[in-house]
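Heads up, the sequence shown is in the numbering used here, so the first residue is 1295 and it goes up one at a time. Scroll down for the structure; my scribbles are underneath it.
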Amino acid sequence: MCSLSTSVITLQGIFGLLNGAISLLVPSVAAKNAATLGVDSIPAIHAIGLGSITIGAFYCVTAYRNDVPVMWMTVLGRVIAIPIFLKHGGPWANVAAFEGVCGGLTAAALVWERWRGKKAAGKSEGKNH
């Protein structure tokens, strides 16, 4: 059974893969994203899409390997991204909010699992006495 953190990271990875792919494969989506984000360049949107695919794949591999330290690094990356996107304002504030929600969900899942693991270890130690 998948842990909560691997499920959260997997969903974020799949979202990244799909978001990137649709920006590359559907010209109308790329144009809409460019207009929404105030970006004048479709190639810039394609670069964002390629980055999204790369990060999405990275997240999926991280989940598959259940690599907890790397999951914490994704939280750090999202925390760093929040003020950067907020500084640009407008539609980028929505991106900052998305980064915050994803980072918060990942951190919460990791903390929950650690807490549950310590709780379970404490119960098993108590049974041995």
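The C-beta atom is built at its ideal place from N, Cα and C for all residues, glycine as well.
Supposed close pair residue i, residue j - CB separation, criterion 8 Å
i     : j     : result
G1350 : I1308 : 7 Å
T1348 : V1369 : That belief does not hold up - the Cβ atoms of T1348 and V1369 are roughly 18 Å apart, past 8 Å.
P1385 : L1331 : 5 Å
First through last residue of the alpha helix (DSSP H) which encompasses residue i
i     : result
N1360 : Taken as a continuous stretch (DSSP letters only), N1360 belongs to no alpha helix (DSSP H), as it is neither H nor E.
P1385 : Unbroken run through P1385: none, as it is neither H nor E.
G1310 : L1298 to L1319
With 16 other Cβ atoms within 10 Å as the buried cut-off, status of residue i
i     : result
H1423 : Only weak support is given to the placement of H1423: the predicted model assigns it a pLDDT of 47, under 50, and the value that follows is read from those uncertain coordinates. Flag for H1423 reads exposed.
Same chain, Cβ closer than 6 Å to residue i, neighbours up to 5 away in sequence not counted
i     : result
A1357 : T1300, I1303 and T1304
A1432 : Beyond the ends of the chain as shown, which are 1295 and 1423, falls residue 1432; an answer cannot be given.
Option in the options with minimal Cα separation from residue i
i     : options                       : result
G1314 : Q1306, L1344 and H1382        : L1344
F1392 : D1361, K1381, N1327 and I1376 : I1376
V1373 : V1323, V1389, R1359 and M1295 : V1389
E1407 : N1360, G1310, I1378 and A1329 : N1360
Other residues of its chain near residue i: CB distance less than 7 Å, five sequence neighbours each side excluded
i     : result
M1365 : S1299, I1303, T1356, T1400 and L1404
Cutoff 8 Å; reference residue i; Cβ partners in own chain excluding five residues on either side
i     : result
A1387 : F1379 and L1380
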